[in-house]
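Protein chains in written order, with UniProt numbering: chain F, 1 to 101; chain A, 1 to 101; chain E, 1 to 101; chain H, 1 to 101.
There are 4 protein chains.
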Amino acid sequence: MSTEHHDAAPGYSDDKVAVLKRLKRIEGQVRGLTRMVEDDTYCIDVLTQVSATTKALEAVALKLLDEHLAHCVVNAARAGGEEADLKVKEASDAIARLVRS
Amino acid sequence: MSTEHHDAAPGYSDDKVAVLKRLKRIEGQVRGLTRMVEDDTYCIDVLTQVSATTKALEAVALKLLDEHLAHCVVNAARAGGEEADLKVKEASDAIARLVRS
Amino acid sequence: MSTEHHDAAPGYSDDKVAVLKRLKRIEGQVRGLTRMVEDDTYCIDVLTQVSATTKALEAVALKLLDEHLAHCVVNAARAGGEEADLKVKEASDAIARLVRS
Amino acid sequence: MSTEHHDAAPGYSDDKVAVLKRLKRIEGQVRGLTRMVEDDTYCIDVLTQVSATTKALEAVALKLLDEHLAHCVVNAARAGGEEADLKVKEASDAIARLVRS
Chain F
1 MSTEHHDAAP GYSDDKVAVL KRLKRIEGQV RGLTRMVEDD TYCIDVLTQV SATTKALEAV
61 ALKLLDEHLA HCVVNAARAG GEEADLKVKE ASDAIARLVR S
Chain A
1 MSTEHHDAAP GYSDDKVAVL KRLKRIEGQV RGLTRMVEDD TYCIDVLTQV SATTKALEAV
61 ALKLLDEHLA HCVVNAARAG GEEADLKVKE ASDAIARLVR S
Chain E
1 MSTEHHDAAP GYSDDKVAVL KRLKRIEGQV RGLTRMVEDD TYCIDVLTQV SATTKALEAV
61 ALKLLDEHLA HCVVNAARAG GEEADLKVKE ASDAIARLVR S
Chain H
1 MSTEHHDAAP GYSDDKVAVL KRLKRIEGQV RGLTRMVEDD TYCIDVLTQV SATTKALEAV
61 ALKLLDEHLA HCVVNAARAG GEEADLKVKE ASDAIARLVR S
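If you want it as structure tokens, here you go:
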């Protein structure tokens with residue numbers, strides 16, 4: 001799915017452990033949702049947990065994006081040339097997908 | 001966490017199998033995210049998958065809400081009295097949480 | 001654009017003055033955005049005001065939806081028949097548009 | 001509200017005319033909403049227009065952010081030093097406000 005070459009580590013490499021921890025917790029939240037539906041939990045209570053899980057996923061996205069801007073985009077800007085434009089375009093598209101999701 | 005009594009089956013009971021299937025798929029998407037981060041996948045590709053997972057969770061929320069309005073809210077409206085007002089207030093609050101998440 | 005007959009007043013008729021007041025304030029916020037851009041205000045400060053305006057519009061939408069559920073949907077549920085299903089479907093579609101916008 | 005010095009033109013200066021045009025159209029959409037409410041338009045039709053207006057505002061925000069990344073953030077990255085970190089932090093915070101609004 002990647003359309004980019006990238007020899008270097010991705011922008012989140014420093015925080016990889018923290019990101020993986022958050023994703024583990026989100027996986028647990030989704031499993032919790034399955035249990036709630038299996039147990040016929042009241043709809044509104046299930047919805048409250050879906051909103052919490054969505055918020056947790058958004059926080060991961062914002063964290064990844066933050067690291068991406070701070071590393072990949074800043075480095076590309078310093079290297080200059082077309083690569084900088086390309087990275088900015090790519091980041092803008094990712095932000096648009098996030099805002100609309 | 002539930003603040004409501006509910007003797008009856010929740011609104012999504014007819015579609016329980018479909019909702020559980022979607023949640024299983026979302027759990028798989030979150031595990032896929034973990035693998036992507038472990039494998040140092042390029043940030044933008046991880047973000048694309050996070051947006052897809054968020055959209056899938058939102059679709060589950062809209063499905064649950066739809067069933068809730070069609071069953072619990074409609075039944076409460078028919079029963080009348082304070083219960084109807086309470087159910088509408090509760091649904092509105094859940095919608096607000098969704099729109100803001 | 002309306003696909004529905006509706007002889008009665010819309011659900012927000014009691015709060016019409018309050019809704020109109022909010023819309024007036026939002027119109028002022030949008031005019032403020034125009035002035036900011038004309039004056040070459042710093043991008044981030046313009047963005048902060050765009051977010052505030054979007055939140056104000058969402059609050060109007062949630063208010064209208066709340067009134068719609070409390071009046072039109074509850075009344076249709078009481079009247080029963082196909083009308084109830086139709087109103088619930090229509091409300092669910094409007095909620096989906098809001099969540100995705 | 002601005003916490004930043006900025007001697008140069010803001011990032012959107014090239015597209016100022018296009019941004020102003022969009023804002024004028026959004027102002028018209030908000031005035032249209034006022035008329036709809038004054039005329040007791042059916043709630044769902046008002047909601048559809050609120051969603052369209054919100055989407056139009058989001059498009060302006062994404063445009064401004066795009067220009068901001070392409071100009072202010074890229075220039076700060078090239079200049080280097082603390083300014084680059086500061087601009088990235090500031091852009092990330094603006095993105096978070098957008099995603100959550």
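Yeah, the Cβ is synthetic: ideal placement off N, Cα and C, and Gly gets one too.
| Query | Result |
| --- | --- |
| Between GLU27/E and chain H, is there a C-beta pair that is closer than 8 Å? | yes |
| Reducing DSSP to helix, strand and coil, say where THR34/A ends up. | helix |
| Return no unless some Cβ of chain E is closer than 8 Å to the Cβ of GLU38/A. | no |
| Between the stretch 50-76 of chain A and chain F, which residues of the former have CB atoms less than 9 Å from a CB of the latter, in chain order? | VAL50, SER51, ALA52, THR53, THR54, LYS55, LEU57, GLU58, VAL60, ALA61, LEU64, LEU65, GLU67, HIS68, HIS71, CYS72 |
| On a Cα-Cα basis, can you pick out the residue from LEU20/A, VAL60/A, ILE44/A that is closest to PRO10/F? | ILE44/A |
| For ALA94/F, count neighbouring Cβ atoms within 10 angstroms of its own Cβ and tell me buried if that reaches 16, exposed if not. | buried |
| Under 8 Å by Cβ, that's how I've got LEU65/H and SER92/F pegged, so tell me the actual separation to the nearest angstrom. | 7 Å |
| Could you check whether ARG78/E and ARG78/A sit closer than 8 Å to each other, using their CB atoms as the reference points? | yes |
| To the nearest whole angstrom, what separates the beta carbons of VAL88/F and ALA70/H, a pair I think is in contact under 8 Å? | 5 Å |
| What first and last residue would you give for the alpha helix (DSSP H) that runs through LEU62/A? | 43-68 |
| Between THR53/A and LEU33/A, how many whole angstroms is the CB-CB distance? I'm expecting something under 8 Å. | 7 Å |
| In this structure, does DSSP put LYS89/F in helix, strand or coil? | helix |
| Pick out whichever of ASP85/E, GLN29/E, ALA84/E, TYR12/E has its Cα sitting closest to the Cα of LEU23/H. | GLN29/E |
| Does ALA18/E pass the burial test, meaning 16 or more other C-beta atoms within 10 Å, or should it be called exposed? | exposed |
| Would you mind working out which of LYS21/A, SER51/A, ALA56/A sits nearest ALA59/F, comparing C-alpha positions? | SER51/A |
| Taking DSSP as the reference, what is the three-state secondary structure of ALA9/A? | coil |
| For ASP7/A, collect the residues of the same chain with a Cβ closer than 8 Å to its Cβ; drop the 5 residues on either side in sequence, then sort them by chain order. | For ASP7/A, the predicted model reports a pLDDT of 49, less than 50, meaning its position is unreliable and no value from the coordinates is stated. |
| Alpha carbon to alpha carbon, how far is CYS72/H from SER13/F? Give it in angstroms, no decimals. | 25 Å |
| Nearest chain H C-beta to ALA18/E closer than 8 Å, yes or no? | no |
| Please return the same chain residues whose Cβ sits closer than 7 Å to the Cβ of ALA76/F, not counting the five positions on each side in sequence. | GLU83, ALA84, LYS87 |
| Just to confirm, is the Cβ distance from ARG31/E to GLU27/H under 8 Å? | yes |
| Hey, how far is the Cα of GLU38/E from the Cα of GLU67/H? | 16 Å |
| If I measure Cβ to Cβ from LEU57/A and keep anything under 7 Å in the same chain, skipping five residues before and after, which residues do I get? | ILE26 |
| Just to make sure I have the definition right: I need the residues of chain F whose C-beta is within less than 7 Å of the C-beta of ALA84/A. Which are they? | Near ALA84/A there are no residues of chain F at all, since even the closest Cβ is about 15 Å away, more than 7 Å. |
| Distance check for VAL46/A and LYS63/F, CA to CA, integer angstroms please. | 12 Å |
| Any idea what DSSP makes of GLY28/E, helix, strand or coil? | helix |
| Residues of chain E with CB under 8 Å from LYS24/H, in chain order? | THR34 |
| In terms of residue numbering, what span does the alpha helix (DSSP H) encompassing VAL73/F cover? | Careful: VAL73/F lies outside any alpha helix (DSSP H) and carries neither H nor E. |
| Cβ closer than 7 Å: which chain A residues qualify as neighbours of VAL30/F? | LEU23, ILE26, GLU27, VAL30 |
| Is ASP40/F helix, strand or coil when you go by DSSP? | coil |
| Near residue 102/A, which residues of its chain fall below 8 Å by C-beta distance, leaving aside the five closest residues on each side in sequence? | No answer is possible for residue 102/A: it lies beyond the span of chain A, which begins at 1 and ends at 101. |
| Distance, Cα to Cα, THR48/H vs MET36/H? | 11 Å |
| Mind pulling the chain F residues with CB within less than 7 Å of residue 103/A? | Since the first and last residues shown for chain A are 1 and 101, residue 103/A lies out of range. |
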